[in-house]
Amino acid sequence: MAAILEYVSHLFFSGVGNLAAYLAAHVLLCLLPAFYIAGAMTALIPKETVTRYLGRNTPKYISYPAAAAAGFLLAVCSCTVIPLFAGIHKKGAGLGPAITFLFVAPAVNILALSYTGAVIGMDLAIARLVLSIAFGIGIGIIMALIFRKEDAEHDKKTDLMFAGQATMRKVAVIFLLILVALLVVGTFQIEVLKTAYFEINLALPGVNQFQENLFRLIPFDPSRGEEGVTAQGAVLIGLLILIGLTAWRGIEKIHDGFNTWTWISTALVGLTLIFAALSVNPYPGGVALAFTGKFFGVLLSVILLGWMIPTQLTENETRDFLWETWRFIKQIFPLLIVGVFAVGVIRVLIKPEWIQAVAGQNTILGNFAGVIFGVFMYFPTLVEVPIAQMFLSLGMHRGPLLAYLISDPELSLQSILITASIIGKLKAWVYVAWVSLFSTVAGLLYGAWVNGTSLGLVTLYLAIFLGLLALLVWLIERNNDKTSPVEA
Amino acid sequence: MLQIKILGTGCPNCKKLEQETKKAVTSLAIEAEFEKVTDYQKIMEYDVLSTPGLVINEKVVSSGKIPSQGEITSFLTSALENS
């Protein structure tokens, strides 16, 4: 009995430890700016700037890339994805670009990308971006070819809806760019940003003591990829909670007008980001504060943003921006916390040998296993990332890991059902089959690159694969031209 | 009597839009009938590309965002003048 209790409490603390380490280490400099960027994109980019390229009369070489861009720029939440998907399909450019949009949107939105980059590595995030866009366009074209006839019969309504001419204000563009800069300096690990330009030593012996106590309270095992909570991390978690509380007072009712809490919570976010960028190294008898390139970059961006919000943005823009950001945080963050906690618990239960046996190497089977796991398991937005990191620390190869990361947000029972109700069951399942195939290939290609194959060769493989597919689909279509495709 | 429809599949912004619109209706002291449209086949019959959408007397006045109180009020008053 005592043994069971001890085991359960071990599991619990493993979960807590994982959660605390995540909040302290990964969340701040990547997720917080990413949430603000997502909010700014939703609030400040008029949808017409992208959707006007998705009308029925737009040439294909514009509408497909535009659909991919729309997936990246406009869709962070399913509220936007579903109507936009249905709209592009029914009244806009048709099935192909709609599928491209559907494929790209969940995989490469700004939140998923920056989180992947910070937690697992920029190379994987970039692979996720490039391969998702390439394959999204590929699947779109293939689906459009397979279901060509039905698509032509689709309602021939005018594309008035897609003809909007709204443009973005220059100030809003600059604002977004500074937010992106903030994210980049906060998360990229390059020399200029890592170098410390000067250091201050403070004789605060309490800090080191505090950190030692934290390590004892939340034990961790670096050999298993676990991370401890530092003194700085503990302060940051405290600040995060404060932000949450003040935002609840200040932003929840923002449509009634700004109040003092609105500004307090926004200022707190800035302060927290600056503090997180500082590198704090306690030692017995004191603490060393190092001011790195990252610190100055973050400081400068936060000051610029702090100046722009009250002086350059209109009241409506500021309100929409803060509201959308808060909405994303409210919607995604609680699920993420539960997910990260669960990952911490599960990690203790999985034996590394199992993972290594199935997906330790970059094989077709390993990649397919990653895809199958992604399709059958449904995790809320962003939770796939800590899960992927768990697999990585348990010995999964990066190829199958990418296959999993691409397929998991793409395909879940929920998304398959929604897709089926808009485009029909047959098309939806054909789409599922293509996504599985493409995710497997994406994992294989990236895995080959990780194993040392040159980038040129990988690109060549990719081109050959896409070329063969196009040829195959074209040949099948030509043979079947007389028999009409089966209706779902 | 205005006919107001809120288009949206039930996401938080749709609820917020409904609250805001009801508030504007109350402060203008006008009569209005509210309907929530949650079936997106029906939503797609209107010219909206993203939800939440606000429809007054079958005319889409706003979509993809939550308009401010001032904007909602002016939508309502201009709809009243035209009816």
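Taken in sequence, the protein lines are chains W and H. Going by my numbering, the first sequence opens with residue 10, and the numbers climb by one from there. Going by my numbering, the second sequence opens with residue 1118, and the numbers climb by one from there. Built from N, CA and C at the ideal position, the CB exists for glycine as well.
Starting from the C-beta of residue i, find all residues in its chain whose C-beta is less than 8 Å away, skip the five residues before and the five after it, and write them out in chain order.
| i | result |
| --- | --- |
| Glu1152 of chain H | Gln1120, Ile1121, Lys1122 and Ile1123 |
| Ala1160 of chain H | At residue 1160 of chain H the sequence reads Ile, which differs from the Ala that was named. Same-chain partners within the cutoff: Leu1124, Gly1125, Thr1126, Val1154, Thr1168 and Gly1170. |
| Phe1192 of chain H | Leu1171, Ile1173, Val1178, Ser1179 and Pro1184 |
| Ile252 of chain W | Ser274, Leu277, Val278 and Thr281 |
Pull up the distance between the alpha-carbon of residue i and that of residue j, whole angstroms please.
| i | j | result |
| --- | --- | --- |
| Gly408 of chain W | Met177 of chain W | 39 Å |
| Met131 of chain W | Phe197 of chain W | 8 Å |
| Val553 of chain W | Val384 of chain W | Nothing can be reported for residue 553 of chain W, as the shown portion of chain W is limited to 10 through 497. |
| Trp483 of chain W | Leu245 of chain W | 56 Å |
| Gly48 of chain W | Ser23 of chain W | 33 Å |
| Ile209 of chain W | Leu475 of chain W | 56 Å |
| Leu133 of chain W | Thr109 of chain W | 21 Å |
| Tyr62 of chain W | Asp1164 of chain H | 17 Å |
| Gly247 of chain W | Ala11 of chain W | 34 Å |
| Gly353 of chain W | Val1142 of chain H | 49 Å |
| Leu401 of chain W | Leu410 of chain W | 7 Å |
| Ala286 of chain W | Gly195 of chain W | 7 Å |
| Gln370 of chain W | Ala114 of chain W | 29 Å |
| Gln1158 of chain H | Lys434 of chain W | 16 Å |
| Gly313 of chain W | Ile1189 of chain H | The amino acid at residue 313 of chain W is misidentified as Gly; the sequence shows Leu. Looking at the two C-alpha atoms, the distance is approximately 32 Å. |
| Gly1187 of chain H | Ile148 of chain W | 44 Å |
| Met386 of chain W | Asn66 of chain W | 39 Å |
| Gln241 of chain W | Arg356 of chain W | 25 Å |
| Gln1136 of chain H | Leu41 of chain W | 28 Å |
| Ala451 of chain W | Tyr70 of chain W | 23 Å |
| Phe219 of chain W | Ala243 of chain W | 10 Å |
| Lys100 of chain W | Pro68 of chain W | 15 Å |
| Thr468 of chain W | Lys1133 of chain H | 47 Å |
What do you get for residue i, buried or exposed, if any count of 16 or more other CB atoms within 10 angstroms of its CB means buried?
| i | result |
| --- | --- |
| Ser493 of chain W | Here the model assigns Ser493 of chain W a pLDDT of 47, short of 50, so the residue's position is not dependable and the matter cannot be decided. |
| Ser1195 of chain H | exposed |
| Ala153 of chain W | buried |
| Asp265 of chain W | exposed |
| His19 of chain W | exposed |
| Lys1182 of chain H | buried |
| Trp443 of chain W | buried |
| Asn1199 of chain H | exposed |
| Asp417 of chain W | buried |
| Leu464 of chain W | exposed |
| Val17 of chain W | exposed |
| Trp335 of chain W | buried |
| Ile13 of chain W | exposed |
| Ile155 of chain W | buried |
| Tyr292 of chain W | exposed |
| Thr393 of chain W | Here residue 393 of chain W is Glu; the residue named in the question, Thr, does not match the sequence. The residue is buried, with at least 16 neighbouring Cβ atoms inside 10 Å. |
| Asn27 of chain W | buried |
| Thr269 of chain W | exposed |
| Asn460 of chain W | exposed |
| Ser310 of chain W | buried |
| Ser445 of chain W | buried |
| Ser448 of chain W | buried |
Taking 7 Å as the limit between beta carbons, can you name the residues of its chain near residue i, skipping five residues before and five after?
| i | result |
| --- | --- |
| Lys56 of chain W | Leu83 |
| Gln398 of chain W | Val128 and Ile129 |
| Leu498 of chain W | Nothing about residue 498 of chain W can be reported from this structure: the residues present for chain W run from 10 to 497 only. |
| Thr167 of chain W | Bear in mind that the predicted position of Thr167 of chain W carries a pLDDT of just 47, short of 50, making it too unreliable to give a figure here. |
| Ser72 of chain W | Tyr62, Leu63, Ala102 and Pro106 |
| Lys262 of chain W | none |
| Leu213 of chain W | Gly295 and Val296 |
Within the same chain, show all residues whose beta-carbon is closer than 6 Å to that of residue i, passing over the 5 residues directly before and after it, in chain order.
| i | result |
| --- | --- |
| Ala95 of chain W | Ile431 |
| Ile338 of chain W | Phe44 |
| Pro395 of chain W | Val349 and Val352 |
| Asn290 of chain W | Ala297 |
Taking 7 Å as the line, does the beta carbon of residue i fall inside it for any heavy atom of the ligand FMN?
| i | result |
| --- | --- |
| Lys360 of chain W | As far as ligands go, the structure on display features none, and thus does not contain the ligand FMN. |
Touch test, the region 140-149 of chain W against the region 264-274 of chain W, Cβ-Cβ under 8 Å, three pairs minimum: Flag = no, the region 140-149 of chain W and the region 264-274 of chain W do not touch.
Continuous beta strand (DSSP E) assignments of at least 3 residues falling wholly in the region 178-220 of chain W: 205-211
Length at least 4, wholly inside the region 306-385 of chain W: the alpha helix (DSSP H) runs in chain order: 324-358, 361-368 and 373-385
Completely contained alpha helix (DSSP H) runs for the region 105-165 of chain W, where each covers 4 or more residues: 119-128, 131-155 and 157-162
Stretch pair the region 365-377 of chain W + the region 423-442 of chain W: three plus CB contacts closer than 8 Å: With the cut-off at 8 Å, the region 365-377 of chain W and the region 423-442 of chain W do not touch.
Sufficient close CB pairs (3 or more, under 8 Å) joining the region 452-467 of chain W to the region 403-420 of chain W: Touching, per the Cβ criterion.
Given 8 Å, three or more beta-carbon pairs between the region 67-78 of chain W and the region 357-371 of chain W: no
Validate contact between the region 318-335 of chain W and the region 214-228 of chain W using beta carbons, cut 8 Å, 3 pairs: no
Inter-stretch contact (C-beta, 8 Å, three-pair minimum) for the region 192-206 of chain W and the region 303-319 of chain W: Yes, the region 192-206 of chain W touches the region 303-319 of chain W.
Alpha helix (DSSP H) runs contained entirely in the region 383-429 of chain W, provided each spans 4 or more residues: Those alpha helix (DSSP H) runs which fall completely within the region 383-429 of chain W and span 4+ residues are 393-402 and 407-419.
Alpha helix (DSSP H) runs wholly inside the region 227-270 of chain W, at least 4 long, in chain order: 240-259
At least three beta-carbon pairs within less than 8 Å, the region 177-187 of chain W to the region 282-300 of chain W: no
Ordered list of alpha helix (DSSP H) runs contained in the region 423-466 of chain W, each at least 4 residues: DSSP runs (the alpha helix (DSSP H)) wholly in the region 423-466 of chain W: 434-459.
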